[in-house]
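As structure tokens, the structure follows; a few thoughts come after it.
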Amino acid sequence: MEYFWQDEQRNILKSREEFIEDLRKIQSINLYNCEQNPYDMMLQLVASMLYGKETYLLDDNFSASELLSLGISATDTSKVYYIDNPVRIKNFSDIVSAIQSNNWRVWLFTSGTTGLPKKVCHGYGSLGRNVRYNERHNKDVWAFAYKMSHMAGVQVLLQALVNNNTIVYIFEDSPQNVVKIIKRAACTNISATPTFYRNLLPFISEDLPAVKHITLGGEKYDENLCNKLHQLIPGAKIHNIYASTETGSILASHGNKFSILPEYKQWIKISPDNELCIHKSLLGDFSCADDWYNTHDLVEIDENGFLRFLSRKSDLINVGGYKVNPLEVENLIQQVDGVEDCLVKGKKNSVLGSVLEVDVVVNSRYDAKTMKTNIMDRLKKELQPFKIPRIYHFVETIEKTRSGKKVRK
Amino acid sequence: MEERLLIIINEIRNDKGEEHVAEIKPELSLRKDLGFDSMDLATFTARVDEEFGVDVFETGIVDLLSDVMEKLG
């Protein structure tokens, strides 16, 4: 049987008919959608779209103080809209039409890695901008690997919904299970962060022939990772997406070079400091003082007009007056045999302002002392001395933010 | 304490491809005798801080091992 929604972790399997029936049963819509079960959150979100109601998507594990920092009190979260006149849903096409009507608004919160949380309002105009809707996509099966309450999750949901695709929810499952589920469910499309794929790599022991499209987003492009994914899943095309909660998805590439679509060219510019700026006409709705939103992402444009991302400005570490891009260092460390993941950080230091320290996850077959020597030998060959981390911690895992990015502070 | 300091010093020297020192002598200068540059000193401070919970350079520049040992009490 072909399902619309599959969640093996929670043992939830829903056909399209069952999904429509569940929608019909809804009697109220949450103003603040913080459902613990991803299916329930999705159901509430789709209902808010059907009825054209504004809704806020919140992580289910926010504490009361975190909610307060977002301006939401504990009592707010129980606010609902009651449905007096239920919409008649005949079939799946009615749902698709409602979603594409742009009659709904969803509020999302940035993950706050670069400052205070910010709320951004999106509709189909900004989030549906890059949704591909045609016959070529009607057999797609999506491995859903984001939180439903985050922009990327909503984006994948829209893509899958409007094409009447199957959604296989794999977020927060163990990497071993995820690989098995992707194979068993014959997923054709996966969209996730580089970190998510990095965790999967050791468990991809056989080909996944059904997978045709692998999309990476939310973190810096990782060339090594893309190469490894290409080796392990040779039948899949690999895409990189540049997106943020404020912008939705703006740019896509097949490598590190992003091309700007002609229709967006006048709305994207580079500041004198080489930071990417995006015009408000391409953004979700949020409090932005200027017509242009500065992403603080450092970019360069090559002679052929391709855009390349260098770093997020806020990620640079000042070591004795020298600016270090930790992503550059991580990229090299990742290439050392036995390294599974790493995180380079600045540690406050009374001699140089900051020193570089690195948390490294190594394969259990390697010992820490040898790995430190191997890593330093490699870095000495490739980097100026100030870019080489001197403090090493061999750890089990790298801490991630709620959106799956590495915690850099 | 001396033993742990010796390990830290030799780790730093090892990373630079230099020979290990055999023992801790209070009169040794971090810069002149052990050849530490600013990056090595920063590393030394950070590692000592991790081991002993004391930032030996917090209140100014330290050079002799005796100064370090005094700060570590």
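The listed protein sequences correspond, in order, to chains A and B.
Reading the first sequence from the start, the letters are residues 9 to 417 in the numbering used here.
Reading the second sequence from the start, the letters are residues 374 to 446 in the numbering used here.
Note that the Cβ used here is the ideal one computed from N, Cα and C, for glycine as well.
Measuring CA to CA, which of the options is closest to residue i?
i, options, result
"residue 117 of chain A", "A:97, A:67, A:152 and A:92", "A:67"
"residue 33 of chain A", "A:64, A:65, A:97 and A:235", "A:97"
"residue 326 of chain A", "A:361, A:151 and A:205", "A:361"
"residue 39 of chain A", "A:51, A:84, A:309 and A:48", "A:84"
"residue 301 of chain A", "A:196, A:277 and A:133", "A:277"
"residue 371 of chain A", "A:351, A:344, A:109 and A:356", "A:344"
"residue 115 of chain A", "A:253, A:201 and A:10", "A:253"
"residue 16 of chain A", "A:283, A:154 and A:181", "A:181"
"residue 163 of chain A", "A:209, A:189, A:193 and A:226", "A:226"
"residue 395 of chain A", "A:354, A:376, A:408 and A:297", "A:354"
"residue 150 of chain A", "A:174, A:138, A:133 and A:130", "A:174"
"residue 132 of chain A", "A:145, A:143, A:138 and A:110", "A:110"
"residue 209 of chain A", "A:95, A:239 and A:341", "A:239"
"residue 339 of chain A", "A:390, A:211, A:403 and A:357", "A:390"
"residue 283 of chain A", "A:308, A:76, A:159 and A:269", "A:308"
"residue 275 of chain A", "A:255, A:294 and A:281", "A:255"
"residue 397 of chain A", "A:305, A:224 and A:351", "A:351"
"residue 217 of chain A", "A:202, A:207, A:190 and A:140", "A:190"
"residue 271 of chain A", "A:280, A:281, A:289 and A:141", "A:289"
Does the CB of residue i have a neighbour CB from chain B at under 9 Å?
i, result
"residue 282 of chain A", "no"
"residue 334 of chain A", "no"
"residue 120 of chain A", "Summary for residue 120 of chain A: the model assigns pLDDT 40, below 50, so the residue's position carries little reliability; its value from the coordinates is reported in the next sentence. Judged by the 9 Å Cβ criterion, residue 120 of chain A is not in contact with chain B."
"residue 403 of chain A", "no"
"residue 18 of chain A", "no"
"residue 390 of chain A", "no"
"residue 398 of chain A", "yes"
"residue 13 of chain A", "no"
"residue 363 of chain A", "yes"
Can you pull the chain B neighbours of residue i, defined as C-beta to C-beta under 7 Å?
i, result
"residue 328 of chain A", "411"
"residue 355 of chain A", "419"
"residue 325 of chain A", "Per Cβ cutoff of 7 Å: no residues; residue 325 of chain A is ~13 Å from chain B at best."
With respect to 8 Å, is the separation between the Cβ of residue i and the closest non-hydrogen atom of the ligand HEM below this value?
i, result
"residue 115 of chain A", "With respect to the ligand HEM, the structure offers nothing, as it holds no ligand at all."
Report yes or no: is there a C-beta of chain A within less than 9 Å of the C-beta of residue i?
i, result
"residue 414 of chain B", "yes"
"residue 440 of chain B", "no"
"residue 375 of chain B", "no"
"residue 423 of chain B", "yes"
"residue 443 of chain B", "no"
"residue 437 of chain B", "no"
Strictly below 9 Å CB to CB, what residues from chain A border residue i?
i, result
"residue 431 of chain B", "358"
Can you pull the chain B neighbours of residue i, defined as C-beta to C-beta under 8 Å?
i, result
"residue 373 of chain A", "By Cβ distance, chain B contributes nothing, its closest Cβ being about 23 Å from residue 373 of chain A, past 8 Å."
"residue 386 of chain A", "Simply none; closest approach about 13 Å."
"residue 394 of chain A", "412"
What residues in its chain sit with their C-beta under 6 Å from that of residue i, if we drop five residues either side in the sequence?
i, result
"residue 46 of chain A", "156 and 177"
"residue 384 of chain A", "none"
"residue 28 of chain A", "97"
Looking only at its own chain, which residues have a Cβ that is under 8 Å from the Cβ of residue i, when we skip the five neighbours before and after it?
i, result
"residue 41 of chain A", "49, 52, 53, 56, 63, 64, 65, 66 and 157"
"residue 346 of chain A", "370, 371, 373, 374, 379 and 382"
"residue 437 of chain B", "399, 400, 401, 402 and 403"
"residue 245 of chain A", "220, 221, 222 and 262"
Give the residues of chain A in contact with residue i, contact being defined as C-beta atoms less than 8 Å apart.
i, result
"residue 428 of chain B", "358"
Please go through the same chain and pick out, in chain order, the residues whose beta-carbon is closer than 7 Å to the beta-carbon of residue i, but skip the five residues on each side of it.
i, result
"residue 375 of chain B", "397"
"residue 2 of chain A", "In the structure as shown, chain A begins at 9 and stops at 417. Residue 2 of chain A is therefore absent and cannot be evaluated."
"residue 179 of chain A", "152, 153, 154 and 155"
"residue 314 of chain A", "265, 266 and 267"
Counting only beta-carbon atoms, is residue i nearer than 9 Å to chain C?
i, result
"residue 104 of chain A", "Chain labels in this structure do not include chain C; the protein chains are A and B."
Checklist entry - What are the residues of the stretch 378–411 of chain B that lie near chain A, defined by any Cβ-Cβ distance shorter than 7 Å? => result Of all residues in the stretch 378–411 of chain B, 388 and 411 have a Cβ within less than 7 Å of some Cβ in chain A.
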